[in-house]
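What follows is a set of notes on a single structure, which appears directly below.
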Amino acid sequence: MRTSKYLLSTLKENPAEAAVVSHRLMLRAGLIRQIASGIYTWLPTGLRVLHKVEAVIREEMNKTGAIELSMPVVQPADLWRESGRYEKYGPELCRLKDRKHNEFVLGPTHEEVITAIARREIKSARQLPMNLYQIQTKFRDEIRPRFGVMRGREFLMKDAYSFHLDHASLEETYQDMYDAYSAIFTRLGLDFRPVEADTGAIGGNHSHEFQVLADAGEDTIVFSDASDYAANIEMAETIETAERPAPGAACSRAATPGCHSVDEAAKALGLPSDQVLKSLIVRGERNEEGRYELIMCCLKGNQELNEIKAGKVPGLSNPLEFATDEEITDFTGAAPGSLGPVGFKGRILVDRAADRMGNFACGANENGFHLINVNWDRDVPKYEVCDLRNVEEGDLSPDGKGRLHLRKGIEVGQVFMLGKKYSEAMGAVVMDENGASIPMEMGCYGIGVTRVIAAAIEQHHDDRGIIWPDAMAPFDVSIIAIKPGRCPQVHETAEKLYAQLEAAGVEVLYDDRDERPGVMFADAELIGIPHIITIGEKSLAAGEIEYKDRRTGAKENVKVEDMAAFIQGKLKR
Ligand code: ATP
Ligand code: MG
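Taking my numbering, the leading residue of the sequence shown gets 248, the next gets one more, and so forth.
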């Protein structure tokens with residue numbers, strides 16, 4: 248590719264809208280442009296990278312025996328009604344109507360369509376197991392699209408769906424996909440971790456996420472320093488070893504005027520915040536009059552509620568919803584900030600760590616007052632103990648081995664065992680050898696193809712630009728010709744080398760713009776082309792061309808006639 252005939256689209260200035268380095272560099276290197284919130288054009292250089300990532304994914308998927316197909320973005324709403332997700336999915340699901348008022352959705356994922364395909368096309372148990380995949384556009388009306396393509400509304404996903412006669416076969420394919428994902432992310436040069444994960448809106452009962460370690464990540468992952476335990480914080484169970492102290496002085500009332508938070512109350516009462524109870528009111532189920540049951544969740548004042556774990560407690564809203572201030576005041580007579588379990592008339596859930604507290608303070612269910620020297624059982628006779636809090640740095644690992652550490656991660660992929668959730672709801676059955684019809688076991692497996700690129704840049708860059716892992720580079724080599732207009736020998740040598748490399752199948756960006764050398768260099772380094780060749784009058788006089796390795800910065804001079812072979816040698820490795 249000649250730069251003079253290419254749409255390079257690099258930017259010199261840092262775009263103000265980009266909060267993370269990958270977004271900034273993707274804009275500056277001319278990979279993407281936003282056309283609406285969370286919706287992007289992939290410019291030619293970006294598309295080249297995208298194709299590289301897709302190629303690696305396809306190769307590894309095909310190796311496992313998975314078969315590629317392509318499903319539509321626009322999907323009939325009725326299919327989503329069959330699975331029960333039309334109502335359940337919430338506002339992320341973009342709903343639309345055609346001119347005849349037929350209802351459709353833009354696919355945020357494709358379980359419904361693939362199950363509809365499978366129930367028509369897979370007739371016999373002998374066809375199983377079968378794993379079908381596509382690389383295709385998804386739309387999710389994300390509440391907070393951000394960080395460029397890291398959290399877009401329209402994005403590209405590789406999604407695979409497997410079908411099985413029994414659970415053992417599903418487990419086998421799940422493991423194959425787990426291994427294929429590890430191979431894909433290793434080939435793409437990413438530092439990643441598979442972690443145990445929640446199944447969210449997709450459903451199912453067993454899942455792993457593949458997380459790229461990066462500070463810009465929106466997920467928190469935890470792992471043990473003494474075993475291979477690793478999980479998304481959403482899933483990580485807490486283990487408590489502390490003993491509850493014996494009750495002391497009787498419970499009494501203390502004025503805490505103007506205190507609305509745990510920290511304010513702790514300060515007013517002269518207590519550390521871990522001696523003050525945090526009482527949060529969440530919604531349970533709705534009764535016949537349409538009112539929600541209100542349930543209290545109690546935590547140590549310095550710890551955080553884990554909404555995913557809480558949502559799984561029977562009887563709680565899932566996804567978890569908090570009660571409104573109005574609902575709270577109606578029910579307790581006090582505002583949030585003055586709430587506590589003593590005398591609370593609803594269900595009380597106590598986190599495992601809070602259960603070990605004694606002689607603590609909590610809101611008095613009366614504005615401006617707290618209770619001190621409160622004790623479970625003595626002052627709060629009825630409560631349930633559950634695992635409600637986020638694990639913290641240094642907590643015991645749930646497998647009993649070692650301590651937990653927290654890191655930020657970018658979720659680039661997730662694998663799920665779905666079981667029969669969709670096949671039962673939508674009637675995707677096969678006949679077994681006895682002629683009985685059996686709903687198929689299913690698995691599903693996603694990779695955020697566009698997000699992978701942002702994640703790779705988060706891990707591989709310097710202050711001059713992107714440093715692509717070899718498998719993702721948009722071009723292998725950049726040829727920079729210095730003042731070819733002034734020096735015909737430079738022009739001829741560059742043209743010849745360009746032709747030679749192209750003929751050998753090397754992907755070259757040949758900068759023939761006759762620009763200032765600094766400009767051409769800056770562009771090559773910003774785009775992150777791994778191998779940079781500079782052809783200038785001075786070194787040519789000695790029969791040489793300069794080579795620079797983008798990753799290490801190492802430079803060396805190579806004889807003109809050896810350069811093509813030299814580069815090919817580099818690319819083979
Ligand atoms: P997240 O928790 O980040 O919202 P998710 O768990 O809802 O993602 P999945 O349904 O597991 O996403 O989708 C499979 C993959 O698609 C994810 O692992 C992620 O890499 C990618 N992905 C999901 N949502 C987005 C998005 N809004 N923008 C870009 N990629 C996304
Ligand atoms: Mg996920």
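Using N, Cα and C, we set each Cβ at its ideal position, and we do this for glycine too.
In this text the structure is predicted, and so the values were computed from the model without any measurement.
Please report how far the alpha carbon of residue i lies from the alpha carbon of residue j, in whole angstroms.
{"i": "R295", "j": "P721", "result": "5 Å"}
{"i": "T257", "j": "V805", "result": "29 Å"}
{"i": "D642", "j": "L403", "result": "37 Å"}
{"i": "H197", "j": "D325", "result": "No information on residue 197 is available, as it lies outside the stretch 248 to 820 that the chain covers here."}
{"i": "G695", "j": "A302", "result": "14 Å"}
{"i": "G331", "j": "L563", "result": "20 Å"}
{"i": "T311", "j": "M424", "result": "8 Å"}
{"i": "E490", "j": "V627", "result": "18 Å"}
{"i": "L516", "j": "G587", "result": "15 Å"}
{"i": "H455", "j": "E554", "result": "19 Å"}
{"i": "L460", "j": "R654", "result": "7 Å"}
{"i": "G674", "j": "G666", "result": "13 Å"}
{"i": "L274", "j": "A365", "result": "41 Å"}
{"i": "E221", "j": "A751", "result": "Residue numbering for the chain in the displayed model covers 248 to 820; residue 221 lies beyond these limits and cannot be assessed."}
{"i": "A444", "j": "A557", "result": "15 Å"}
{"i": "Y794", "j": "P291", "result": "25 Å"}
{"i": "L412", "j": "F663", "result": "17 Å"}
{"i": "V207", "j": "H507", "result": "The chain is shown from 248 up to 820; residue 207 falls before or after that span and cannot be answered."}
{"i": "L744", "j": "V807", "result": "9 Å"}
{"i": "F591", "j": "T579", "result": "7 Å"}
{"i": "R599", "j": "L437", "result": "37 Å"}
{"i": "N260", "j": "D345", "result": "As written in the sequence, residue 260 is Glu, which differs from the Asn given in the question. C-alpha separation (whole angstroms): 43 Å."}
{"i": "P504", "j": "E568", "result": "28 Å"}
{"i": "A718", "j": "A313", "result": "22 Å"}
{"i": "S429", "j": "Q374", "result": "27 Å"}
{"i": "K299", "j": "R434", "result": "11 Å"}
{"i": "F768", "j": "Q458", "result": "34 Å"}
{"i": "F813", "j": "I780", "result": "11 Å"}
If we count the other Cβ atoms within 10 Å of its Cβ and call it buried at 16 or more, is residue i buried or exposed?
{"i": "N612", "result": "buried"}
{"i": "G495", "result": "exposed"}
{"i": "S471", "result": "buried"}
{"i": "E315", "result": "exposed"}
{"i": "R328", "result": "exposed"}
{"i": "K370", "result": "exposed"}
{"i": "N479", "result": "buried"}
{"i": "V755", "result": "buried"}
{"i": "P441", "result": "buried"}
{"i": "V360", "result": "buried"}
{"i": "T488", "result": "exposed"}
{"i": "D426", "result": "exposed"}
{"i": "E728", "result": "In the sequence as presented, Glu is not what sits at residue 728; that position holds Ala. The residue is buried, with at least 16 neighbouring Cβ atoms inside 10 Å."}
{"i": "L787", "result": "buried"}
{"i": "D759", "result": "buried"}
{"i": "Q736", "result": "exposed"}
{"i": "M217", "result": "With the chain covering only 248 through 820, there is no way to say anything about residue 217."}
{"i": "I213", "result": "There is no way to answer for residue 213, as the model of the chain reaches only from 248 to 820."}
{"i": "V321", "result": "exposed"}
Determine which residues share a DSSP beta bridge with residue i and list them.
{"i": "A466", "result": "Before going further, note that residue 466 is Asp rather than Ala in the sequence given. D466 pairs with G656."}
{"i": "V360", "result": "According to DSSP, which records beta bridges pairwise, V360 is partnered with nothing at all."}
{"i": "L402", "result": "Position check: residue 402 holds Phe in this sequence, whereas Leu was assumed. Bridge partners of F402: K385."}
{"i": "P392", "result": "The partner list for P392 (beta bridge, DSSP) is empty, contrary to what the question assumes."}
{"i": "R594", "result": "I542"}
{"i": "F439", "result": "V459"}
{"i": "Q281", "result": "Y287"}
{"i": "S499", "result": "I619"}
{"i": "H708", "result": "I713"}
inquiry  = Give the list of continuous beta strand (DSSP E) stretches no shorter than 3 residues that lie fully inside the region 512 to 587.
reply    = Fully enclosed beta strand (DSSP E) runs of no fewer than 3 residues occupy 524 to 533 and 539 to 547 of the region 512 to 587, in order along the chain.
ask   = Is the region 526 to 543 touching the region 580 to 599 in the sense that three or more CB pairs, one from each, lie closer than 8 Å?
value = yes
task = Would you check if the region 767 to 785 and the region 716 to 730 touch, i.e. whether three or more CB-CB distances between them fall below 8 Å?
result = As far as the Cβ criterion goes, the region 716 to 730 touches the region 767 to 785, which means the pair count is three or higher.
task = Enumerate, from N- to C-terminal direction, the unbroken alpha helix (DSSP H) stretches of 4 or more residues contained entirely within the region 295 to 370.
result = 324 to 330, 332 to 335 and 358 to 368
key: Complete alpha helix (DSSP H) runs within the region 636 to 686 (minimum length 4 residues, chain order)   = Those alpha helix (DSSP H) runs which fall completely within the region 636 to 686 and span 4+ residues are 668 to 673.
query = Is the region 251 to 266 close to the region 377 to 384, with three or more CB pairs under 8 Å?
reply = no
query = What beta strand (DSSP E) runs, 3 residues minimum, are completely inside the region 716 to 795?
reply = 724 to 728, 755 to 758 and 778 to 782
Stretch-stretch touch, CB-based, cutoff 8 Å, three pairs: the region 564 to 581 with the region 538 to 547 = yes
message = Would you call the region 268 to 283 in contact with the region 705 to 712, where contact means no fewer than 3 C-beta pairs closer than 8 Å?
response = Judged by Cβ distances under 8 Å, the region 268 to 283 makes contact with the region 705 to 712, as three or more pairs qualify.
ask   = For the region 382 to 399 against the region 674 to 691, are there 3 or more C-beta pairs whose distance is under 8 Å?
value = no
task = Report the residue ranges of all alpha helix (DSSP H) runs contained in full by the region 250 to 275; include only those spanning at least 4 residues, in chain order.
result = 268 to 275
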